[in-house]
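Chemist: The following block contains the structure, expressed as structure tokens.
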Amino acid sequence: MKRLHKLFGWVGGLARRWTDPPFKTLIVNEQLPKVLKPRVLYVVKEDGFEEQAAILCPCGCKRVLQMNLLTDERPCWRVTYNRNGTASLHPSVWRKKDCASHFWFRDGRIVWVRD
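For what it's worth, the UniProt record's numbering labels the leading residue of the sequence shown as 1, then goes sequentially.
Next comes the structure, spelled out in structure tokens:
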């Protein structure tokens, strides 16, 4: 039964990759826009340095999730840009209060962590 459940989960994930478009990556200067659009990863640059990344929470709660990209501050994430025009964040994003979303942002897509 576990194998069947895993198989359906894998097939469902594959189907979502074909139907859900990846997040767009938008590099903005100095500050985030007042209103963020869904399915967009914003990367804020100031003085040539990437300072933060932000997205609307993918669970649908509409909270803005901001991830620090400055290596001298903690916690810190790293953004990588892929050849296909998408971006990835490392490590995972885990909102420990409110909606408690926990996910990886890989190749412009949300990969949910199952606890």
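For every residue, glycine included, the Cβ atom is placed at its ideal position computed from N, Cα and C.
1) Measuring only the C-alpha atoms, how far is Asp-20 from Leu-70?
2) Three or more beta-carbon pairs under 8 Å between the segment 45-60 and the segment 23-37, yes or no?
3) For Ala-53, list the residues DSSP reports as bridge partners.
4) Measuring only the C-alpha atoms, how far is Phe-23 from Arg-109?
5) Between the Cα of Gly-85 and those of Val-113, Ile-55, Leu-41, spot the shortest distance and give me the residue it belongs to.
6) Going by beta carbon distance, what residues of the same chain come within less than 6 Å of Phe-49, once the five residues before and after it are set aside?
7) Name the one or two DSSP bridge partners that Lys-24 has.
8) Could you please give me the residues that DSSP links to Asn-29 through a beta bridge?
9) My output table needs one value for Pro-91: the three-state DSSP class, helix, strand or coil.
10) Could you compute how far the alpha carbon of Leu-36 sits from the alpha carbon of Thr-25?
11) Have a look at the DSSP bridge pairing and note the partners of Val-79.
12) With the cut-off set at 7 Å, would you say Phe-105 and Trp-112 are in Cβ contact?
Modeler: In short, the structure shows the following:
1) As a position in the sequence shown, residue 20 is number 20, starting the count at 1. As a position in the sequence shown, residue 70 is number 70, starting the count at 1. Just so you know, the alpha carbons of Asp-20 and Leu-70 end up roughly 30 Å apart.
2) yes
3) By 1-based counting over the sequence shown, the position of residue 53 is 53. According to DSSP, Ala-53 bridges with Val-43, Met-67.
4) Against the sequence shown, residue 23 aligns to sequence position 23. Against the sequence shown, residue 109 aligns to sequence position 109. The alpha-carbon atoms of Phe-23 and Arg-109 are separated by roughly 6 Å.
5) Position 85 of the sequence shown holds residue 85. Closest option to Gly-85, Cα to Cα, is Leu-41.
6) By 1-based counting over the sequence shown, the position of residue 49 is 49. No residues qualify anywhere along the chain.
7) Locating residue 24 in the sequence shown gives position 24, counting from the first residue. Val-40, per the DSSP bridge assignment.
8) In the sequence shown, residue 29 corresponds to position 29, counting from 1. For Asn-29, which the question treats as bridged, DSSP gives the partners Lys-45.
9) Here residue 91 refers to the residue found at position 91 when the sequence shown is read from its first residue. Reduced to three states, the DSSP call for Pro-91 is strand.
10) Against the sequence shown, residue 36 aligns to sequence position 36. Against the sequence shown, residue 25 aligns to sequence position 25. So the alpha carbons of these two residues sit roughly 12 Å apart.
11) Along the sequence shown, read from residue 1 onward, the residue named residue 79 stands at position 79. In DSSP, Val-79 forms a bridge with Leu-89.
12) Translated into the one-based positions of the sequence shown, residue 105 becomes position 105. Translated into the one-based positions of the sequence shown, residue 112 becomes position 112. Not closer than 7 Å, so no.
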